[in-house]
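To keep things clear, I will list the structure first and then write my remarks on it.
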Amino acid sequence: MKRSTIFLCVSFCMGVIMGSAGQDNAEQWPAFSSDLTPPAPDYSQVEYWAALPSIKDKADELPKRSKGLKDLQAEAKADVFFIHPTIYTYEPTTKYIWNGDVTDTELNKKVDESTILNQASVFNAAGKIYAPRYRQAHFFCYYTSQKKDAAQAFDLAYNDVKSTFEYYLTHYNQGRPIIIAAHSQGTQHAKRLLKEYFDGKSLQKQLVIAYLIGMPTPANYFSQIRPAISAEQTGGFATWCTYAKDYYPLEYDYEQYKSLVVNPLTWDTTSVYADRKLNKGGVGLGYKMTSVGVVDAQRHGGMLWISKPHILGAGLVHTKNWHIADYNLFWMNVRENAVLRVESFLRNYSGKLPSE
93 MKRSTIFLCV SFCMGVIMGS AGQDNAEQWP AFSSDLTPPA PDYSQVEYWA
143 ALPSIKDKAD ELPKRSKGLK DLQAEAKADV FFIHPTIYTY EPTTKYIWNG
193 DVTDTELNKK VDESTILNQA SVFNAAGKIY APRYRQAHFF CYYTSQKKDA
243 AQAFDLAYND VKSTFEYYLT HYNQGRPIII AAHSQGTQHA KRLLKEYFDG
293 KSLQKQLVIA YLIGMPTPAN YFSQIRPAIS AEQTGGFATW CTYAKDYYPL
343 EYDYEQYKSL VVNPLTWDTT SVYADRKLNK GGVGLGYKMT SVGVVDAQRH
393 GGMLWISKPH ILGAGLVHTK NWHIADYNLF WMNVRENAVL RVESFLRNYS
443 GKLPSE
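Just so we're aligned, residue 93 is where the sequence shown starts under the numbering used here, counting upward by one.
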């Protein structure tokens, strides 16, 4: 039963989240204003980072029951700039309703013990991990009819991401290769960041790969950054949104259908079925490794379809939207791919690395 717990938990969590979303849509919140905006973070201070190579944090962790894995950040020749998803999903308890407060210890703990532990850590064999805390927009922003207020909340969140990225470039990067990795709201901001700083710009030459997970991204979204359609291709982007086989989400007709899908079991964009035997292992509840072959994958339109996970108790799993597990289901495949792409980038790098 040990492998089933994560997926049962996912089913429960998604039900709670989607149920609350429907309720929030009918609510009206006070209009967005500076009075309801938490103070801006100061990225020169380590407490405004969820992960840095210089501090011990959840991105340094390795899954329980994993064998032979190591945190290799100290010797890594590339950087990973990770932008976390929406964790501010609960009812606000302060006046900062539209955006999370980066000094909120409860919220920071939730960020660290969920997305940083389960998602950012996947990259600790490929690069030095930089994951900022930012004034993330509340989950309500995706479902409210108050679109203007929500847009301002998203802009505030992005401006933090932009500010921290500029600080990172000035004080940390030193010309090293960069992986941009994100999920959900993080991907929303990462796409904007890539357009502003990489797409057709000089910084594009440092881009190893952009993992734009959990948010629809069309193949032609960027002007110069191309889809990564093979496992070793660098300078491009990979994206997928995971759903149960034969399921079509509500947003499919107006957004999801046109998204690029890179299959994380094959790292191509074909619709060829990828057997679960290609799955090298996921990460489950309690940050524990699952066995290999936990789930298959196949591109269908703009979605990544999966069959029910190969676990004990699978008959009890009725999840249709696997958004929360976009990374976890393919954890080892993503980890190994990030390392592979860095190695490929370094082989073909035409410039001089800072360490040389």
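Heads up, the beta-carbon is just placed ideally off N, CA and C, and yes, glycines get one too.
It should be emphasised that the depicted structure is a prediction, and the values quoted were computed from it without experimental measurement.
Neighbourhood of residue i by C-beta distance below 7 Å, restricted to the same chain and skipping five residues each side
{"i": "K283", "result": "L304, T309, Y313"}
{"i": "N216", "result": "A151, D152, D163, L164, Q165"}
{"i": "Y349", "result": "G393, G394"}
{"i": "G306", "result": "P177, H275, S276, T279, C333, H415, D418"}
{"i": "G378", "result": "K156"}
{"i": "K287", "result": "F314"}
For residue j and residue i, the rounded distance between their alpha carbons
{"i": "N265", "j": "L438", "result": "16 Å"}
{"i": "I453", "j": "L199", "result": "Only positions 93 to 448 of the chain appear in this structure, which leaves residue 453 out of reach."}
{"i": "N191", "j": "V386", "result": "36 Å"}
{"i": "A330", "j": "D241", "result": "30 Å"}
{"i": "R391", "j": "T334", "result": "9 Å"}
{"i": "A323", "j": "V194", "result": "36 Å"}
{"i": "Y344", "j": "W414", "result": "15 Å"}
{"i": "I321", "j": "V426", "result": "14 Å"}
{"i": "S436", "j": "G292", "result": "21 Å"}
{"i": "A430", "j": "P269", "result": "12 Å"}
{"i": "D360", "j": "Q325", "result": "10 Å"}
{"i": "V353", "j": "L396", "result": "7 Å"}
{"i": "S158", "j": "L421", "result": "15 Å"}
{"i": "L432", "j": "A311", "result": "22 Å"}
{"i": "Q137", "j": "T236", "result": "34 Å"}
{"i": "Y339", "j": "I398", "result": "10 Å"}
{"i": "Y140", "j": "T262", "result": "16 Å"}
{"i": "K239", "j": "T382", "result": "40 Å"}
{"i": "S146", "j": "G327", "result": "27 Å"}
{"i": "Y255", "j": "L248", "result": "A quick correction: the sequence has Ser, not Tyr, at residue 255. For S255 and L248, the distance between alpha carbons rounds to 11 Å."}
{"i": "I317", "j": "Y234", "result": "27 Å"}
{"i": "V434", "j": "E119", "result": "46 Å"}
{"i": "Y135", "j": "D196", "result": "16 Å"}
{"i": "K412", "j": "L144", "result": "35 Å"}
One or two residues paired with residue i in a DSSP bridge
{"i": "W397", "result": "Y335, Q390"}
{"i": "Y91", "result": "The question about residue 91 has no answer, for the chain in this structure spans 93 to 448."}
{"i": "L171", "result": "Before going further, note that residue 171 is Asp rather than Leu in the sequence given. Its beta-bridge partners are K220, I270."}
{"i": "K380", "result": "K156, G376"}
{"i": "P319", "result": "F329"}
{"i": "A123", "result": "According to DSSP, which records beta bridges pairwise, A123 is partnered with nothing at all."}
{"i": "W141", "result": "P224"}
{"i": "N413", "result": "Y335"}
{"i": "A366", "result": "A389"}
{"i": "N191", "result": "A229"}
Proximity to residue i [Cα-Cα], best of the options
{"i": "S276", "options": "G292, R368, F174, V434", "result": "F174"}
{"i": "R227", "options": "N251, T358, T279", "result": "N251"}
{"i": "S125", "options": "T181, Q244, K239, D149", "result": "Q244"}
{"i": "V172", "options": "E139, V214, Y140", "result": "V214"}
{"i": "E347", "options": "G327, R368, G394", "result": "G394"}
{"i": "D127", "options": "A142, T186, A143, S136", "result": "T186"}
{"i": "G257", "options": "H281, P184, G376, Y235", "result": "It is worth fixing the name first, because residue 257 is Phe in this sequence and not Gly. Of the listed residues, the one whose Cα sits closest to F257 is H281."}
{"i": "A142", "options": "L357, L209, F232", "result": "L209"}
{"i": "A273", "options": "H263, F290, A302, A249", "result": "A302"}
{"i": "K400", "options": "A311, K380, M381, K337", "result": "K337"}
{"i": "L161", "options": "K380, T411, V434", "result": "K380"}
{"i": "Q211", "options": "W121, V434, D149, E139", "result": "D149"}
Cβ-based neighbour list, residue i, same chain, cut-off 6 Å, excluding 5 preceding and 5 following
{"i": "F246", "result": "A229"}
{"i": "N355", "result": "A366, A389, R391"}
{"i": "Y260", "result": "Y222"}
{"i": "N440", "result": "none"}
{"i": "G219", "result": "A168, A170, D171, V172, I271"}
{"i": "F290", "result": "Q296, L299"}
{"i": "A123", "result": "D241"}
{"i": "T358", "result": "A366"}
{"i": "P319", "result": "A311, G328, L352"}
{"i": "L154", "result": "L161"}
Inter-residue CB distance, residue i and residue j (contact presumed, cutoff 8 Å)
{"i": "R225", "j": "P341", "result": "At roughly 30 Å, the Cβ-Cβ gap does not stay under 8 Å, so R225 and P341 are not in contact."}
{"i": "V253", "j": "L285", "result": "6 Å"}
{"i": "P130", "j": "Y188", "result": "4 Å"}
{"i": "E428", "j": "K369", "result": "Actually they are not in contact, since the Cβ atoms of E428 and K369 sit about 15 Å apart, beyond 8 Å."}
{"i": "W423", "j": "V384", "result": "In fact, because the Cβ distance is near 11 Å, the residues do not count as touching under 8 Å."}
{"i": "W121", "j": "F231", "result": "Not confirmed; about 12 Å, so no contact."}
8 Å CB neighbourhood of residue i in its chain, flanking five on each side removed
{"i": "I179", "result": "G192, L199, K202, V203, S206, T207, Q228"}
{"i": "T362", "result": "N355, R391"}
{"i": "P184", "result": "H230"}
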